[in-house]
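*Asks:* In UniProt numbering, the protein residues as written are 1 to 314.
1. Go ahead and pull the three-state DSSP assignment for residue 79.
2. Rounded to the nearest angstrom, what separates residue 2 and residue 298 at their Cα positions?
3. Between 81, 95, 54, which lies nearest to residue 170 when the distance is taken from Cα to Cα?
4. May I ask you to report which of helix, strand or coil DSSP gives residue 85?
5. Does DSSP put residue 235 in a helix, in a strand, or in coil?
6. In its own chain, which residues sit with a C-beta less than 8 Å from the C-beta of residue 85, not counting the 5 before and 5 after it?
7. Would you call residue 318 buried or exposed, if buried means 16 or more other Cβ atoms sit within 10 Å of its Cβ?
8. Is the beta carbon of residue 36 closer than 8 Å to that of residue 121?
9. Ignoring anything shorter than 4 residues, give me the alpha helix (DSSP H) runs that lie fully in the segment 6-51, in order along the chain.
10. In angstroms with no decimal places, state the Cα-to-Cα distance between residue 185 and residue 119.
11. Take every Cβ of the segment 145-165, pair it with every Cβ of the segment 179-197, and state whether three or more of those distances are shorter than 8 Å.
12. Once you ignore the five residues that flank residue 9 on each side, which residues in its own chain have a CB closer than 7 Å to its CB?
13. Output the boundary residues of the alpha helix (DSSP H) element that contains residue 144.
14. Taking the straight line between their C-alpha atoms, what separation do you get for residue 69 and residue 265?
15. With contact counted as at least three CB pairs below 8 Å, one residue from each stretch, are the segment 128-145 and the segment 208-216 in contact?
16. Between the segment 58-74 and the segment 20-29, do three or more beta carbon pairs fall short of 8 Å?
17. To the nearest whole angstrom, what separates the beta carbons of residue 64 and residue 56, a pair I think is in contact under 8 Å?
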């Protein structure tokens with residue numbers, strides 16, 4: 001197990017390094033270079049030359065890369081001239097909110113999708129299975145912004161059940177103090193994942209229902225409930241564990257749209273505003289953090305798979 005974890009850790013570090021190289025290359029492919037992109041089109045040649053000297057952009061590329069890599073490793077992602085604030089401080093302010101939003105939506109996804117997939121598999125080809133399958137296809141195909149706008153129109157404007165805007169105060173505390181304002185963002189972000197997870201769970205349970213170990217347990221007199229929850233569930237959860245690790249990029253992509261729709265001051269809204277203002281240091285910082293979180297999530301998923309399924313180590 002230790003050797004497997006070390007190998008996966010080494011692979012994860014390599015992936016992060018590859019991502020930093022790609023980000024570094026893209027930074028130098030900006031029209032006019034990083035200086036022109038950050039200072040704007042009205043910057044003079046003297047200002048651009050001075051900016052390049054101050055930030056080391058006049059040095060060889062390999063020197064710039066290792067200097068940039070050292071800055072990223074220590075949490076220094078540059079300075080946002082547009083917001084007059086360091087990118088690190090912006091990320092520290094916004095990241096906890098996006099993490100809370102993502103975790104709450106992921107928890108709702110697992111709570112709803114796993115029992116739903118199991119129930120569909122046990123009652124396959126029944127009316128409930130057909131209805132749930134149809135709804136899953138609809139929500140899986142619907143864009144996140146469409147679901148969010150419909151949720152605001154129906155549950156906020158027409159019914160008045162929930163506020164149309166997420167909590168605006170700083171810190172994580174207001175999220176729970178005004179939790180009614182978080183219901184629509186959480187549900188909007190979770191619906192797409194619920195649709196996908198429930199389909200995977202249904203297929204996984206159906207695959208395991210036909211395995212020899214299920215028939216053996218039934219022949220020994222085990223009750224259907226015991227067979228389902230003590231034998232099938234553990235093996236059926238293996239694809240879901242993989243999906244949890246792979247869902248981090250999708251959650252952030254959905255958070256970008258969801259936070260923009262509900263004006264939720266997290267990393268997604270920060271990235272959206274930075275893209276509109278061409279605030280490249282902020283965009284690069286968010287991309288690096290998201291890449292690191294994605295690799296870390298995949299690593300945790302691989303370790304969890306090794307614990308649940310010893311065949312993975314082989």
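Think of the CB as a built atom: it goes at the ideal place given N, C-alpha and C, for glycine as much as any other residue.
*Replies:* Well, looking at it:
1. strand
2. 17 Å
3. 95
4. Strand at residue 85.
5. helix
6. 79
7. Residue 318 cannot be examined here, being either before or after the span of the chain that is shown, 1 to 314.
8. no
9. 33-39
10. 26 Å
11. Contact between the segment 145-165 and the segment 179-197 is present, because at least three Cβ pairs lie under 8 Å.
12. Excluding residues within five positions, the ones whose Cβ falls inside 7 Å are 299.
13. 144-151
14. 28 Å
15. No, they do not touch.
16. Look at the beta carbons and you see the segment 58-74 touching the segment 20-29: at least three pairs across the two are nearer than 8 Å.
17. 6 Å
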